[in-house]
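Sequences listed follow chains G and S, in order. Residue 1259 in the numbering used here sits at position 158 of the first sequence; the count goes up by one each step and never skips. Residue 176 in the numbering used here sits at position 167 of the second sequence; the count goes up by one each step and never skips. All C-beta atoms, glycine included, are put in the ideal place defined by N, C-alpha and C. Before any comments, here is the structure.
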Amino acid sequence: MEKDYIILGIETSCDETAAAIVKNGKEILANVVSSQIKKHAQFGGVVPEIASRQHTEQITYVLEEAFRQANCTWDDIDAIAVTEGPGLIGALLVGISAAKALAFAKKKPLINVHHIAGHIYANRLIEEFEFPLLALIVSGGHTELIIMRDHGEYERIGETLDDAAGEAFDKVARTLELPYPGGPHIDRLSEKAEASIDFPRAWLDEESFDFSFSGLKSAVINYVHNEKQRGNEIDKAQVAASFQASVVDVLTEKTYRAAKRYDVKQVIVAGGVAANNGLRKRITEKFKNTDIPVYFPPLELCTDNAAMIAAAGSILYEKGRFAAWDLNGKAALPLT
Amino acid sequence: MNILALDTSNETLAVAIQKDGKLAAEKMTNIKKDHSSRLMPAVVGLMEDAALEPEHLDKIIVGRGPGSYTGVRIGVTTAKAMAWALDIPIVPVSSLRALAYNGRYFDGYIWTFFNARRNAMFTALFQFENGKLVDVIGEQYAVLDDWFAALKDLPEKAILCISPHIDLFKETIELELKNRTLFASDANRFLRPGNLLMEGAEQQEVPVHFVKPHYLRMTEAEANLLKGKEQ
Ligand SMILES: [Zn+2]
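And the structure:
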């Protein structure tokens, strides 16, 4: 595209109410996220109905702040991109209802975006893509390996067969009685101990790029339970480090194998768990002696945000692929 | 004055447009299909019928519930976003009050309710005084027995019952309130979209950021947390 264009992105698929304004799919003009983490912390996890209620109360504030930060008016906006799914259905519907209303009121095209495509495109706000590229998406809801041969073209080569990596982090954190959200606590504790407990690593089939974390999760829970029964003090740091090492090993190894097999030019690690230091170190180390660059979006772009939705929506905007007024939220949605 | 009014709090989808001060178009459906995919097409279609552009709108009126949590949010979020983008006033109205206008010329109590499951309802009691709708018992979440007890305490006047969910409770109502209750005819059990315009004219504008659904119930998670703290 020769002409500059600006997209307003909206994301409400889980517990962040977010709006962002992005130029040409690459340049962030505003990126506003209203996090509900504190609200959900007292329940030990995201409560979908509370998330939806919060989105409805926050949405216009967040939009207004995005326009203020970007110093934009409606005249500058060329299209509106919104997360269609996957995610919590009630939460998704708030963003979608708002996006449709704005698109109608301001006569802008509406673009439906896949949440995972958003996570991948978060990285394009930092670094231009080179194809083929491999993306590892790790979050509370997803663990997937995706090959992209061109913009907007996704081939999923691996996914989790049970728990997502982030989910395993949360459950292990709960077992260790760490505060919610548990992932960052496990990461921090891991740095204080050696991974000396031998927890299982699910490699599955030699050729498989799929993941499984439920066996590991159960092994950790059993270990903690047994130690408690024996009256042994639990070294939380040691358990955290051993658990994290197991997750990181599998993620790193499978990503490496996939990168080699598909002869990719770039590796992108995205999603909330991409903020994990242990994972960042291991993957960086593993690819150090290859000519494949590995990118991790900065922390604020790893977690859910709307800039990534606007960035992924930019590709659809360039292709002229717009949504109709009957756009609906989809709790489950394949990435195609 | 051009006004868009909408309500998706319950199964009824209601959209009305007032153009130059007069009711110009209405759409009401009472089918069990999702509001999310159907609300905007309904709004767009009616606006076309009324030959109005979004920038011609002067005000938005929205039913803020009670009803289905998801349904209320779809309507309220749509209305909020539109009012904010167009920078026009938004007037939230009670969906129970708006429904009560179906009984406008009834001389007695007007009782509206929506099913709230588990033998409970979102409900309120009104009457018209000098053409104005007045609350007799304000909107609330009530289990059936408590509600019937409250009604029995009131002066003996005829009650007109208006609700899309009459059939769910009809036998119980007839048993509890004997011959005091009249039931609205089928066509009058659902929110007539134009009612939103009438009720909207009675209510005040609310700053758009403050507009939110009236669920009348906290979430289960919050209720459980509160219970835990009390123990
Ligand atoms: Zn996400």
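With a threshold of 9 Å between beta carbons, is residue i in contact with chain G?
i	result
S:His-223	no
S:Leu-95	yes
S:Asp-162	no
S:Ser-172	no
S:Ala-34	no
S:Thr-86	yes
S:Met-10	no
S:Leu-205	no
S:Glu-214	no
S:Leu-22	no
S:Met-130	no
S:Lys-89	yes
S:Glu-5	No answer is possible for residue 5 of chain S: the residues shown for chain S start at 10 and end at 240.
S:Ala-14	no
S:Ala-125	no
Looking only at its own chain, which residues have a Cβ that is under 8 Å from the Cβ of residue i, when we skip the five neighbours before and after it?
i	result
G:Arg-1275	Gly-1145, Tyr-1281, Gly-1283
G:Arg-1358	Phe-1310
Could you check if residue i belongs to the surroundings of ligand 1, using beta carbon to heavy atom distance under 8 Å?
i	result
G:Asp-1264	no
G:Thr-1404	yes
G:Gly-1372	yes
G:Cys-1115	yes
G:Ile-1156	First, the residue type needs correcting, since residue 1156 of chain G is His and not Ile in the sequence shown. The answer is no for G:His-1156.
G:Gly-1242	yes
G:Asp-1215	Asp is not the amino acid found at residue 1215 of chain G; the sequence shown has His there. Incorrect: G:His-1215 has no Cβ contact closer than 8 Å to ligand 1.
G:His-1220	yes
Leaving out the 5 sequence neighbours to the left and right, which residues in its chain are closer than 7 Å to residue i when beta-carbon positions are compared?
i	result
G:Glu-1245	Ile-1217, Ile-1238, Arg-1257, Gly-1259, Glu-1260
S:Asp-58	Ala-34
S:Lys-141	none
S:Ile-45	Note that residue 45 of chain S is Ser in the sequence shown here, rather than Ile. Ile-83.
S:Lys-28	Asn-11, Ala-59, Leu-61
G:His-1118	This sequence places Thr at residue 1118 of chain G; His is not what is there. Result list for G:Thr-1118: Ser-1135, Gln-1155, His-1156, Gln-1159, Ile-1160, Val-1163, in chain order.
G:Lys-1140	Ile-1151, Gln-1155
S:Met-91	Ile-69
G:Leu-1352	Leu-1237, Val-1239, Ala-1266, Leu-1380
Please tell me whether residue i has its Cβ less than 9 Å away from any Cβ of chain S.
i	result
G:Ile-1151	yes
G:His-1216	no
G:Asn-1213	no
G:Ala-1137	The question names Ala, but residue 1137 of chain G is Gln in the sequence shown. No - not a single Cβ of chain S is within 9 Å of the one on G:Gln-1137.
G:Ile-1122	no
G:Trp-1304	no
G:Arg-1154	yes
G:Phe-1232	no
G:Phe-1144	yes
G:Gln-1148	Reading off the sequence shown, one finds Val at residue 1148 of chain G, where the question assumed Gln. So, interface residue.
G:Lys-1208	yes
Considering only residues of the same chain and omitting the five flanking positions on each side of residue i, which have a CB-CB separation below 6 Å?
i	result
G:Leu-1262	Asp-1311, Ser-1313
G:Leu-1164	Ala-1120
G:Lys-1366	Glu-1231
Could you tell me whether the Cβ of residue i comes closer than 9 Å to any Cβ of chain C?
i	result
S:Val-217	The structure shown contains no chain C; its protein chains are G and S.
Does at least one heavy atom of ligand 2 sit under 8 Å from the Cβ of residue i?
i	result
G:Thr-1276	This structure lacks ligand 2; its bound ligands are ligand 1.
- Contact list for the stretch 66 to 84 of chain S against chain G, Cβ threshold 9 Å: Cβ contacts with chain G: Leu-66, Tyr-78, Thr-79, Val-81, Arg-82, Ile-83, Gly-84.
- Task: Within the stretch 1274 to 1361 of chain G, note down every full alpha helix (DSSP H) run reaching 4 residues or more, in order along the chain.
- Result: Counting only runs that start and end inside the stretch 1274 to 1361 of chain G, the alpha helix (DSSP H) elements of at least 4 residues fall at 1284 to 1291, 1315 to 1330.
- Query: Considering only residues of the stretch 1240 to 1272 of chain G, which uninterrupted beta strand (DSSP E) runs meet the minimum length of 3 residues and lie entirely inside it, listed in chain order?
  - Reply: Listed in chain order, they are 1244 to 1251, 1254 to 1260.
- Message: Any C-beta of chain S within less than 8 Å: which residues of the stretch 1157 to 1169 of chain G qualify?
- Response: Residues of the stretch 1157 to 1169 of chain G with a Cβ closer than 8 Å to any Cβ of chain S, in chain order: Thr-1157, Glu-1158, Ile-1160, Thr-1161, Tyr-1162, Leu-1164, Glu-1165.
- Message: Output needed in chain order: residues of the stretch 37 to 63 of chain S with a Cβ under 8 Å from some Cβ in chain G.
- Response: Cβ contacts with chain G: Asp-43, Ser-45, Ser-46, Arg-47, Leu-48, Met-49, Pro-50, Val-52, Val-53, Pro-63.
- Check each residue of the stretch 1183 to 1206 of chain G: if its Cβ is closer than 7 Å to any Cβ of chain S, include it; give the result in chain order. Within the stretch 1183 to 1206 of chain G, those residues whose Cβ lies closer than 7 Å to any Cβ of chain S are, in chain order, Gly-1191, Leu-1194, Val-1195, Ile-1197, Ser-1198, Ala-1199, Lys-1201, Ala-1202, Leu-1203, Phe-1205, Ala-1206.
- Using a beta-carbon distance cut-off of less than 9 Å, what residues from the stretch 1421 to 1436 of chain G approach chain S? Residues of the stretch 1421 to 1436 of chain G that bring their beta carbon within less than 9 Å of a beta carbon in chain S comprise Ala-1425, Trp-1426, Asp-1427, Leu-1428, Asn-1429, Gly-1430, in sequence order.
- Message: Which complete beta strand (DSSP E) runs does the stretch 118 to 157 of chain S hold, if anything under 3 residues is left out?
- Response: Taking only runs of at least 3 residues, the beta strand (DSSP E) segments lying wholly in the stretch 118 to 157 of chain S are 118 to 124, 129 to 138, 141 to 152.
- Query: Of all the residues that make up the stretch 176 to 199 of chain S, which are near chain G by a beta-carbon distance shorter than 9 Å?
  - Reply: Cβ contacts with chain G: none found.
- In the stretch 1128 to 1198 of chain G, which residue ranges form an unbroken alpha helix (DSSP H) of at least 4 residues, counting only runs that do not cross its ends? With a minimum length of 4 residues, the continuous alpha helix (DSSP H) runs that stay inside the stretch 1128 to 1198 of chain G are 1138 to 1142, 1149 to 1171.
- Message: Give the list of continuous beta strand (DSSP E) stretches no shorter than 3 residues that lie fully inside the stretch 1402 to 1433 of chain G.
- Response: As far as the stretch 1402 to 1433 of chain G is concerned, it has no whole beta strand (DSSP E) run of at least 3 residues.
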